[in-house]
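Those protein sequence lines, which keep their order, are chains A, B, C and D. The opening position of the first sequence corresponds to residue 1 in the working numbering, with each subsequent residue numbered one higher. The opening position of the second sequence corresponds to residue 261 in the working numbering, with each subsequent residue numbered one higher. The opening position of the third sequence corresponds to residue 470 in the working numbering, with each subsequent residue numbered one higher. The opening position of the fourth sequence corresponds to residue 720 in the working numbering, with each subsequent residue numbered one higher. Glycine included, each C-beta is placed from N, C-alpha and C at the ideal position.
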Amino acid sequence: MHHRTVEQLAAGAGPIHRLDPRVKLVTVLAFVVGVSTLPVVPLTLFLWPAVLVLSALLVAGLPFLFVLSRSLLVLPFVLMVAMFLPFTRGPTPLWVLPGLELTVYQEGLQLSLAILIKGALALLAVEWLVFTTPFHRLLLAMRAFRVPRVIVVTLSFLFRYLDLLADQSQRVRRARMARAPGGTVRWRLRSTGGMIGRLLLRALDRADRVHQAMLARGFDGEIRILSCLQMRRVDVVFLVGAGAGLVAVPILGLVAGGGL
Amino acid sequence: MHLPDGILSAPVWIGAGAVTAGALALCVRRASRQLDEQRAPLMGVLGAFVFAAQMINFPVPGGTSGHLMGAVLLAVLLGPAAASVVLFCVFLVQSLLFQDGGITALGANFINMGLVGSFGGWAVYRLLAGGGGQARRSLAAFVAAWAAVEVGALLAALQLWASGSAPLMPVLWTMGTVHAFIGIGEGLITVATLRFLSAARPSLLESVP
Amino acid sequence: MKPGDLAVAVEDLSFDYHGHQALSGISFSLEAGERVALVGPNGAGKSTLMLHLNGLLMGSGVVRIHGLRIEKSSLSKVRQQVGMVFPDPEDQLFMPTLEEDAAFGPLNMGLSRQQATQRARQALATMGLAELGERSSHHLSDGERRRAAIATVLSMEPKVWVLDEPGANLDPKGRRELIAVLRQLPGTVLLASHDMDMVVQVCKRCLVLDGGKLVAQGLTEQVLADAELMEQHGLEVPLRLANKQRSETC
Amino acid sequence: MKPGDLAVAVEDLSFDYHGHQALSGISFSLEAGERVALVGPNGAGKSTLMLHLNGLLMGSGVVRIHGLRIEKSSLSKVRQQVGMVFPDPEDQLFMPTLEEDAAFGPLNMGLSRQQATQRARQALATMGLAELGERSSHHLSDGERRRAAIATVLSMEPKVWVLDEPGANLDPKGRRELIAVLRQLPGTVLLASHDMDMVVQVCKRCLVLDGGKLVAQGLTEQVLADAELMEQHGLEVPLRLANKQRSETC
């Protein structure tokens, strides 16, 4: 599964990997928010954020092609939604598709391109974050930022038991396939309900057993952990540098938006 | 249908984010009360279950293959507040680890696929099922699950339109039609799963908060 | 010998799993009616190999079941002939009742509802579960659940049985019953197990797998009694055989 | 003998589970430092009994741990003294990394981070997992995972160990390693297992449970060699003992 690859990459030990997860989380949030709020024109606005995120990916030593290929995940959605735009948003006609009586407008085309670029850049930034930060370190950052404890704890158990339940799900599907070369729709539905239902029952039983195991080791409602985060000088330096880089994004936006 | 970053305009995603933050704050408070900390692992393991269940595909009439979104199912089991918290965590993990759905769009996605399903779907289910028998409960679950998917999709379409990312009628029509079919799959799977559960462990469905 | 005389014929099978060579250059064959064990440490590739025998995985190389080569087009036929029993019976029991579980395979093979029900009932009866057809597997004991999983395959009347760790977590009584069942399964049997004493009691012949390679094969009593070989592959000489040697020397 | 000399003292323990009498009138005691096995068929009530030993379940009757009676008010003290190892290590390894898992108990006992870290590292090192502290459990082999589960308890330095089926699903090598670990656990040990040969190798004394009742107890070599008793309770004479008898008669 994909998240195993993510985990492997995140377990690396480069300088970016070692950065404080709070610093990385804040940086990426700011970047994504900045990019999402940039105006649509001119497209050259996106050059600077693209340089930022691509160089961050390079410095992190991540497999470049793999990361880029993942960012293409935005394509199908954007294509499905934004395919109307070039034909419907005017007023400046660019060209007419011969034989179809369809006019492609400049504004619409620019908008759909901008949407595509924004989506891809945000994705790259998120990839940079999760490919260099083990999930439990991200949770430490969330804890530090006062995300409600129920959510952090739920996320922690979710991630811990994701593989286990996914494996179970795969084994059930295999067992069905081994006996099901064909089958009617009604039959398949009944078995699907059974598979999901049993998966759920097993998940509930698992939760009970985990809870018992926690109680047995003195759990009293509070989850105590060893790890604590410490800002180092290099984290501060990175934060300042990234901040300076990012401030340029909305300024560029303002400049372009104000037509200066 | 997880909206990515960049497709929603700032007013829309900020608005949706605010709604999400408010709703989530209420849900968190309610869920922490309902399932006190003593049952910490339950919600996380159920979140993992949603992923595992989504790996089980079911061919939908109309050619696509559907998988469970599970909002109505979770709401029937846990109550809408706790279900919402679990679903929020699921969407967060999907957007972070699977790059499925954007960070700024998290609020909108949570409203469309989480809140609508867990609160709306749950209300529809409760209303239609009443104290009825198996057949009536099944029908109620089907309608609730179908409606949750359809309404969520229409909301997404409206958000896209409000963001200026799509013209109103085509996007309503496309999303509406596609999800009318996906909703059938969701409805059928939800019903089949609930029927199995009521046979295998009836106590589960009686203790709904 | 013509390949048609063999129940299972595997030729030069290799399988690559995410860049890890899970199986490499495996060749072996089972004659019809043989009962053969597959032993090896955890991670040796036993489960991976077994999944190839009914096309749930497909590596490079050729696998034939009663002469029929496993490929996309032959899958449904192959799966009717090869019955798989998985390590965790819970994975295999997913219908609301046992009877439906046991009828699942036959119905998918295209039998009528009546025929399928008959097959299901017969299989459950053979496994001593005749009374429990209406139950959900959740209410069974571990031993019953194990036998139920076997019944769901028995109802398909497969010619070849592939069983992956069917003895895990059974109590001594459940284990004894299972051994009795395994010794009576009709057809060809390939059994993977960590329970060396079970292997000795069920299988005449034995294959040893380690690191994705077939490292030894031969008569069970000889292969498993080879202390050096067993040690080398993280296994152990079953007490039953150790006994024998001791009695012989004594 | 004063009750304070006993590590575990159970008096007339009964437990009713949804109207089903899961345990009835159980009394026994373990002296400090003893290694005792708990055997019986599936469903005999072994797990239920074990859950009473650190107050995860509370039935009628009295359970004392080193003289301290288990009740609501003594729970946190009891749980520091009684270490439980559960059948599925995945249930016990619920934190993101092994080190966090091994520190979970010590932190709950009120140790400082530093002390807890030290305890965790030491426990992992003792179990041969020193290098794996940063790993998450799903990258471990079955045998490592099993030892990791034991390390999470070892770090609490319990006086009494309660282990429920710790040998399930291990391959022969993992099983041998586990037996070596069990023989060296410090303190009093109560071990439930279906693996009769493991029981013989680890425990001198043995309790037999069936239908929620204690039906026999005594020296392992005598109790488990009693073929009639074993047969009656769905167990079996371990081969190791059967051997011995045979060698003696021969």
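Within 10 angstroms of its Cβ, does residue i collect 16 or more other Cβ (buried), or is it exposed?
i                      : result
residue 413 of chain C : Residue 413 of chain C is absent from the structure shown; chain C starts at 470 and stops at 719.
residue 469 of chain B : Because residue 469 of chain B carries a pLDDT of 43, less than 50, the predicted location of this residue cannot be relied on, and the following value inherits that uncertainty. That one is exposed.
residue 228 of chain A : exposed
residue 582 of chain C : exposed
residue 938 of chain D : exposed
residue 442 of chain B : buried
residue 655 of chain C : exposed
residue 486 of chain C : exposed
residue 301 of chain B : buried
residue 83 of chain A  : exposed
residue 731 of chain D : exposed
residue 24 of chain A  : buried
residue 66 of chain A  : exposed
residue 473 of chain B : This structure leaves residue 473 of chain B out entirely; chain B is present only between 261 and 469.
residue 95 of chain A  : exposed
residue 700 of chain C : exposed
residue 723 of chain D : A caution first: residue 723 of chain D carries a pLDDT of 49, below 50, which makes its placement in the model unreliable, though a value can still be read off. Per the 10 Å Cβ criterion, exposed.
residue 915 of chain D : buried
residue 892 of chain D : buried
residue 970 of chain D : Limits of chain D in this structure are 720 at one end and 969 at the other, which puts residue 970 of chain D out of reach.
residue 463 of chain B : exposed
residue 190 of chain A : buried
residue 142 of chain A : buried
residue 900 of chain D : buried
residue 280 of chain B : buried
For the alpha helix (DSSP H) holding residue i, just list the boundary residues, first then last.
i                      : result
residue 16 of chain A  : 15-18
residue 731 of chain D : Segment 725-736 is the beta strand (DSSP E) holding residue 731 of chain D; no alpha helix (DSSP H) there.
residue 208 of chain A : 185-216
residue 590 of chain C : 582-595
residue 56 of chain A  : 47-59
residue 129 of chain A : 106-132
residue 163 of chain A : 149-179
Could you pull the start and end residues of the beta strand (DSSP E) that residue i belongs to?
i                      : result
residue 611 of chain C : Here residue 611 of chain C belongs to no beta strand (DSSP E); instead the alpha helix (DSSP H) covers 611-623.
residue 682 of chain C : 682-688
residue 745 of chain D : 739-750
residue 560 of chain C : First-last for residue 560 of chain C: 558-561, but that is the alpha helix (DSSP H), not the beta strand (DSSP E).
residue 447 of chain C : Because chain C spans 470 through 719 in this model, residue 447 of chain C falls outside it and cannot be assessed.
residue 426 of chain B : Careful: residue 426 of chain B lies outside any beta strand (DSSP E) and carries neither H nor E.
residue 657 of chain C : 657-661
residue 336 of chain B : Element bounds for residue 336 of chain B: not the beta strand (DSSP E) but the alpha helix (DSSP H), 331-338.
residue 914 of chain D : Per DSSP, residue 914 of chain D belongs to no beta strand (DSSP E) and is neither H nor E.
Within 7 Å: the Cβ of residue i and any heavy atom of the ligand FMN?
i                      : result
residue 436 of chain B : This structure lacks the ligand FMN, and indeed carries no ligand of any kind.
Using a Cβ distance threshold of 8 Å, determine whether the stretch 539-554 of chain C contacts the stretch 619-634 of chain C, with at least three qualifying pairs required. With the cut-off at 8 Å, the stretch 539-554 of chain C and the stretch 619-634 of chain C touch.
Runs of alpha helix (DSSP H) wholly within the stretch 762-806 of chain D (minimum 4 residues, chain order): Taking only runs of at least 4 residues, the alpha helix (DSSP H) segments lying wholly in the stretch 762-806 of chain D are 765-771, 794-800.
Segment contact, 8 Å Cβ cut-off, at least three pairs: the stretch 121-134 of chain A with the stretch 8-24 of chain A: A contact is defined here as three or more CB-CB pairs under 8 Å, and the stretch 121-134 of chain A meets this definition with respect to the stretch 8-24 of chain A.
On the three-pair Cβ rule with 8 Å, is the stretch 527-542 of chain C touching the stretch 419-427 of chain B? In the pairwise beta carbon analysis, the stretch 527-542 of chain C is classified as not touching the stretch 419-427 of chain B: fewer than three pairs are separated by under 8 Å.
In chain order, what residues of the stretch 445-460 of chain B put their CB closer than 8 Å to some CB of chain C? Within the stretch 445-460 of chain B, the residues whose Cβ lies closer than 8 Å to any Cβ of chain C are, in chain order, 455, 456, 459, 460.
Residues of the stretch 154-181 of chain A whose Cβ lies closer than 8 Å to any Cβ of chain B, in chain order: Here the close residues are 154, 155, 156, 157, 158, 159, 160, 161, 162, 164, 165, 166, 168, 169, 170, 172, 173.
By the 7 Å beta-carbon criterion, what residues does the stretch 478-508 of chain C contribute toward chain A? Listed in sequence order: no entries.
Using a Cβ distance threshold of 8 Å, determine whether the stretch 269-277 of chain B contacts the stretch 363-372 of chain B, with at least three qualifying pairs required. Between the stretch 269-277 of chain B and the stretch 363-372 of chain B, the count of Cβ pairs shorter than 8 Å is three or higher; the stretches touch.
Could you please tell me which residues of the stretch 755-783 of chain D, in chain order, have their CB closer than 8 Å to any CB of chain A? Look at the stretch 755-783 of chain D: the residues with a C-beta under 8 Å from a C-beta of chain A are 770, 773, 775.
How do the stretch 164-184 of chain A and the stretch 366-381 of chain B stand: do at least 3 beta-carbon pairs fall below 8 Å, yes or no? The stretch 164-184 of chain A vs the stretch 366-381 of chain B: no contact.
Using a Cβ-Cβ cutoff of 7 Å, what residues of the stretch 137-156 of chain A are near chain B? List them in chain order. So the close ones are 148, 150, 151, 153, 154, 155, 156.
Using 8 Å as the cut-off, can you tell me whether the stretch 240-255 of chain A makes contact with the stretch 303-314 of chain B, which would need three or more C-beta pairs spanning the two stretches below that distance? By the C-beta criterion, the stretch 240-255 of chain A is judged not to be in contact with the stretch 303-314 of chain B, since fewer than 3 inter-stretch pairs fall below 8 Å.
Could you tell me whether the stretch 23-41 of chain A touches the stretch 86-95 of chain A, where touching means 3 or more Cβ pairs closer than 8 Å? The way I'd put it, the stretch 23-41 of chain A doesn't touch the stretch 86-95 of chain A; fewer than three beta-carbon pairs between them come closer than 8 Å.
Is the stretch 486-504 of chain C close to the stretch 673-692 of chain C, with three or more CB pairs under 8 Å? Result yes; three or more Cβ-Cβ pairs closer than 8 Å.
Which parts of the stretch 334-405 of chain B are runs of the alpha helix (DSSP H), unbroken and 4 residues or longer, counting only runs that do not cross its ends? Within the stretch 334-405 of chain B, the complete alpha helix (DSSP H) runs of at least 4 residues are 340-357, 366-369, 382-389.
Taking only beta carbons into account, state which residues of the stretch 875-903 of chain D come closer than 9 Å to chain G, listed in chain order. The chain labelled as chain G is not found among the protein chains of the depicted structure, namely A, B, C and D.
Whether or not the stretch 107-119 of chain A and the stretch 71-89 of chain A are in contact is what I'm after, with contact meaning three or more pairs of Cβ atoms, one per stretch, closer than 8 Å; do they touch? The answer is yes - the stretch 107-119 of chain A touches the stretch 71-89 of chain A, with three or more Cβ pairs under 8 Å.
Listed in chain order, which residues of the stretch 539-551 of chain C have Cβ atoms closer than 9 Å to some Cβ of chain A? Within the stretch 539-551 of chain C, the residues whose Cβ lies closer than 9 Å to any Cβ of chain A are, in chain order, 544, 545, 546, 547, 548, 549, 551.
Determine contact between the stretch 174-181 of chain A and the stretch 51-71 of chain A, defined as no fewer than three beta-carbon pairs at a distance below 8 Å. No, the stretch 174-181 of chain A does not touch the stretch 51-71 of chain A.
Three or more C-beta pairs closer than 8 Å, one from the stretch 562-571 of chain C and one from the stretch 605-619 of chain C: is that the case here? Contact holds: three or more Cβ-Cβ distances are below 8 Å.
Can you give me, in chain order, the residues of the stretch 585-611 of chain C that have a beta carbon less than 7 Å from any beta carbon in chain A? Answer set for the stretch 585-611 of chain C: 607.
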